[in-house]
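One structure below.
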Amino acid sequence: MTAPCLEGGGGRNLLNLCIGFIDEGYRVDIIVDHFGGRYIDQFPDGVRFWTPRGSHPIFDVPWLAWYLINRRPLAVLTAVPRHAVWMCRARSVSGHQFRLVVNVHNDYIESFKHLQFKKRQRRIRTIQRYYPRCDAVVPVSQGAARSFSNLSGIQESRLSVINNPVVTQDLEDAGRCPVDHPWFKDQVVPVIVWVGRMEPQKDLNTLLESFLTLRGRLGCRLALIGDGADSEKIKSKSKGSNYSGGITFLGYQANPFPFMKMASLLALSSRWEGFGNVLVEAMALGTPVVATNCPSGPAEILEYGRLGPIVPVGDVPALANAFERCIESPTDSSVLRQAAMKYAVNAVTKQYIRVLSA
Numbered sequence: 001m002t003a004p005c006l007e008g009g010g011g012r013n014l015l016n017l018c019i020g021f022i023d024e025g026y027r028v029d030i031i032v033d034h035f036g037g038r039y040i041d042q043f044p045d046g047v048r049f050w051t052p053r054g055s056h057p058i059f060d061v062p063w064l065a066w067y068l069i070n071r072r073p074l075a076v077l078t079a080v081p082r083h084a085v086w087m088c089r090a091r092s093v094s095g096h097q098f099r100l101v102v103n104v105h106n107d108y109i110e111s112f113k114h115l116q117f118k119k120r121q122r123r124i125r126t127i128q129r130y131y132p133r134c135d136a137v138v139p140v141s142q143g144a145a146r147s148f149s150n151l152s153g154i155q156e157s158r159l160s161v162i163n164n165p166v167v168t169q170d171l172e173d174a175g176r177c178p179v180d181h182p183w184f185k186d187q188v189v190p191v192i193v194w195v196g197r198m199e200p201q202k203d204l205n206t207l208l209e210s211f212l213t214l215r216g217r218l219g220c221r222l223a224l225i226g227d228g229a230d231s232e233k234i235k236s237k238s239k240g241s242n243y244s245g246g247i248t249f250l251g252y253q254a255n256p257f258p259f260m261k262m263a264s265l266l267a268l269s270s271r272w273e274g275f276g277n278v279l280v281e282a283m284a285l286g287t288p289v290v291a292t293n294c295p296s297g298p299a300e301i302l303e304y305g306r307l308g309p310i311v312p313v314g315d316v317p318a319l320a321n322a323f324e325r326c327i328e329s330p331t332d333s334s335v336l337r338q339a340a341m342k343y344a345v346n347a348v349t350k351q352y353i354r355v356l357s358a
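FYI, the numbering for the sequence shown is 1 to 358, going by UniProt numbering.
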């Protein structure tokens, strides 16, 4: 497998898949641009990490060809466009034949909108040129598949959708760890929790305004878990008198699951996603969820409203109303837990093995 780093949701997906492959008896190598990260100590014994000599194809393609000749992998799974390009080239140089599978972890049409024109066009041309050379393309949601098909020209019927491996065997145990915070010990005032990277994609402005709207008619609190580029801006906005005492910033938490388990609900306010792991994690812990109907993933996870409210992106009143409904009439926790099991690591790993060994 290849990855740019071992951070964030991508790092967590890589870790979970790694555990799944090891449990199934496979040996796993990970080629990573930048060794280290928050998850590095959690990878199972036997995983071998490799780092290319440079950060440019003139260095990486010969190195990858050397790697392929010496390690002779049966299959390579990658999730980054430039890695797919380099692997296509290295396969030709090395002469070693293996199955090359590339993930699509985001809604490319939505995420590419935020790139400069020349960079966007370059990425699109790269995908259109090299992805058809891969043996399989695996989007993580039906929405991501539709978006990728429209952008790449590859028919949707040729894509293999496999959702992210989210639910691990120890997730429930991690959720039982004690929480040393008064808000989560006081079960009287509802607590809305948000978990993620604080960046424009997550639309935290809409989240804060929706919380403020709800707080005007229902006593509640908002706990934000995570860090990122927008963290200082969001903290500054929350210092207004209208928010006083109602918001807490908990920063990065190596184990956010106890907070999620004890919350009244988990909120996702994103403008776009590839999937939405945090929704599945909350469901697996029995916590009600509310999400925006962003492309792509959340609506599929929540079964288009059956498992939790879905509201338009950026709609402050609708999100506030959904919070209120979810607090007053939460979805049964057993229903949520059962629905989350389709994203169990062992089940998802078997789907990947079928694609990687086809």
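For every residue, glycine included, the Cβ atom is placed at its ideal position computed from N, Cα and C.
**Report entry** Top-ranked residue by Cα proximity to residue 23, from 7, 47 and 3
**Finding:** As a first step, residue 23 is located in the sequence shown; it is residue number 23 there, counting from the start. Nearest C-alpha to residue 23: 47.
Requested in this report: Name the two residues that bound the continuous alpha helix (DSSP H) containing residue 139.
Outcome: If you number the sequence shown from 1, residue 139 lands on position 139. For residue 139, there is no enclosing alpha helix (DSSP H); the residue is part of the beta strand (DSSP E) that begins and ends at 136-139.
Query raised in the report: Nearest to residue 167 by CA position, among 357, 298, 288 and 277, is which residue?
Result: Taking the sequence shown and counting its residues from 1, one reaches residue 167 at position 167. Sorting 357, 298, 288 and 277 by C-alpha distance to the C-alpha of residue 167 places 277 at the top.
Report task. Below 8 Å on the Cβ atoms is my guess for residue 66 versus residue 52; work out the distance and round it to an integer in Å. Result -> Translated into the one-based positions of the sequence shown, residue 66 becomes position 66. Translated into the one-based positions of the sequence shown, residue 52 becomes position 52. With 8 Å as the limit, residue 66 and residue 52 do not qualify as a contact, their Cβ atoms being about 10 Å apart.
Query raised in the report: Below 8 Å between beta carbons: does that hold for residue 135 and residue 101?
Result: For this step, residue 135 is matched to residue 135 along the sequence shown. For this step, residue 101 is matched to residue 101 along the sequence shown. Yes, these two residues count as a Cβ contact at 8 Å.
Query - Segment contact, 8 Å Cβ cut-off, at least three pairs: the segment 324-335 with the segment 344-355 - result: No, the segment 324-335 does not touch the segment 344-355.
Query raised in the report: Does the distance from the C-beta atom of residue 301 to that of residue 335 stay below 8 Å?
Result: Sequence index remark: in the sequence shown, residue 301 carries index 301 (1-based). Sequence index remark: in the sequence shown, residue 335 carries index 335 (1-based). Taking 8 Å as the Cβ cut-off, residue 301 and residue 335 do not qualify as a contacting pair.
**Report entry** Whole alpha helix (DSSP H) elements within the segment 61-98, 4-residue minimum
**Finding:** Within the segment 61-98, the complete alpha helix (DSSP H) runs of at least 4 residues are 81-94.
Query raised in the report: Helix, strand or coil: which one does DSSP assign to residue 41?
Result: What you label residue 41 is simply residue 41 of the sequence shown in a count that begins at 1. Residue 41 carries a helical assignment under DSSP once its states are collapsed to helix, strand and coil.
Query - Coil, strand or helix - residue 335 by DSSP - result: For the purposes of this step, residue 335 is identified with residue 335 of the sequence shown, where counting begins at 1. Residue 335: helix per DSSP, three-state reduction.
Query raised in the report: Roughly how far, in whole angstroms, is the beta-carbon of residue 257 from the beta-carbon of residue 356, given that I think they are within contact range, below 8 Å?
Result: To locate residue 257, count along the sequence shown from 1; it is residue 257. To locate residue 356, count along the sequence shown from 1; it is residue 356. Contact flag wrong, Cβ pair sits at about 29 Å.
Query - Unbroken alpha helix (DSSP H) run spanning residue 206, endpoints - result: Here residue 206 refers to the residue found at position 206 of the sequence shown. From DSSP, the alpha helix (DSSP H) with residue 206 extends over 204-215.
**Report entry** Other residues of its chain near residue 42: CB distance less than 7 Å, five sequence neighbours each side excluded
**Finding:** Position 42 of the sequence shown, counting from 1, holds the residue named residue 42. Around residue 42: 15.
Query raised in the report: Quick one: what's residue 344 bridged to in DSSP?
Result: Within the sequence shown, the letter at position 344 stands for residue 344. Partner(s): 167.
Query - residue 176 versus 75, 265 and 260, residue with shortest Cα-Cα distance - result: Within the sequence shown, the letter at position 176 stands for residue 176. For residue 176, the closest alpha carbon among the candidates 75, 265 and 260 is that of 260.
Query raised in the report: Around the C-beta of residue 201, are 16 or more other C-beta atoms found within 10 angstroms, so that it is buried, or is it exposed?
Result: Position 201 of the sequence shown, counted from the start, is the residue given in the question as residue 201. Buried, since its Cβ has 16 or more Cβ neighbours within 10 Å.
Requested in this report: Let me know if residue 129 comes out buried or exposed under the rule of 16 or more other beta-carbons within 10 Å of its beta-carbon.
Outcome: Taking the sequence shown and counting its residues from 1, the one referred to as residue 129 is at position 129. Label assigned to residue 129: exposed.
Requested in this report: Could you say which of 142, 163 and 99 lies nearest to residue 156 if we only look at CA atoms?
Outcome: On the sequence shown, residue 156 is found 156 positions in, with the first residue counted as 1. The candidate whose alpha carbon is nearest that of residue 156 is 142.
Requested in this report: Below 8 Å CB to CB, which residues in the same chain sit around residue 221 once its five sequence neighbours on both sides are set aside?
Outcome: What you label residue 221 is simply residue 221 of the sequence shown in a count that begins at 1. Here the set comprises 183, 189, 190, 191, 192, 246, 247 and 248.
Query raised in the report: Where does the unbroken beta strand (DSSP E) through residue 406 begin, and where does it stop?
Result: Limits of the chain in this structure are 1 at one end and 358 at the other, which puts residue 406 out of reach.
Query raised in the report: Where does residue 269 land, buried or exposed, given buried means 16+ other C-beta within 10 angstroms?
Result: Within the sequence shown, numbered from 1, the residue matching residue 269 stands at position 269. Flag for residue 269 reads buried.
**Report entry** At least 3 beta-carbon pairs within less than 8 Å: the segment 309-318 vs the segment 112-127
**Finding:** Contact between the segment 309-318 and the segment 112-127 is absent, because fewer than three Cβ pairs lie under 8 Å.
Query raised in the report: Any chance the segment 99-114 sits against the segment 72-80, with 3 or more Cβ pairs inside 8 Å?
Result: Yes, the segment 99-114 is in contact with the segment 72-80.
Requested in this report: Identify which residue in 92, 139, 353 and 45 has its Cα closest to the Cα of residue 61.
Outcome: Position 61 of the sequence shown, counted from the start, is the residue given in the question as residue 61. Cα-wise, what sits closest to residue 61 is 92.
**Report entry** DSSP state of residue 292 mapped onto helix, strand, coil
**Finding:** Taking the sequence shown and counting its residues from 1, the one referred to as residue 292 is at position 292. The answer is strand: DSSP assigns residue 292 an E or B state.
Query raised in the report: In three-state terms, what does DSSP make of residue 320?
Result: Along the sequence shown, read from residue 1 onward, the residue named residue 320 stands at position 320. DSSP places residue 320 in helix when its eight states are reduced to three.
**Report entry** Assigned exposure category for residue 203 - 16 Cβ within 10 Å defines buried
**Finding:** Here residue 203 corresponds to residue number 203 of the sequence shown, with the count starting at 1. Buried is the call here.
Query raised in the report: In whole angstroms, what separates the C-alpha of residue 238 from that of residue 231?
Result: Counting from 1 along the sequence shown, the entry for residue 238 is found at position 238. Counting from 1 along the sequence shown, the entry for residue 231 is found at position 231. Rounded to the nearest angstrom, the two C-alpha atoms are 11 Å apart.
Query raised in the report: Contact check, residue 262 vs residue 337 under 8 Å by CB: the rounded distance?
Result: Start at 1 with the first residue of the sequence shown, and residue 262 comes out as number 262. Start at 1 with the first residue of the sequence shown, and residue 337 comes out as number 337. Contact doesn't hold; Cβ gap of about 15 Å is too wide.
Requested in this report: With DSSP as the reference, label residue 30 as helix, strand or coil.
Outcome: Here residue 30 corresponds to residue number 30 of the sequence shown, with the count starting at 1. Three-state DSSP puts residue 30 in a strand.
Query raised in the report: Relative to the alpha-carbon of residue 273, which residue among 195, 94, 216 and 297 has its alpha-carbon at the smallest distance?
Result: Taking the sequence shown and counting its residues from 1, the one referred to as residue 273 is at position 273. From the listed residues 195, 94, 216 and 297, the smallest Cα separation to residue 273 is found for 297.
Query - Closest residue to residue 12 among 351, 33, 137 and 40 (Cα-Cα distance) - result: The count along the sequence shown starts at 1 and reaches residue 12 at position 12. Nearest option by C-alpha distance: 40.
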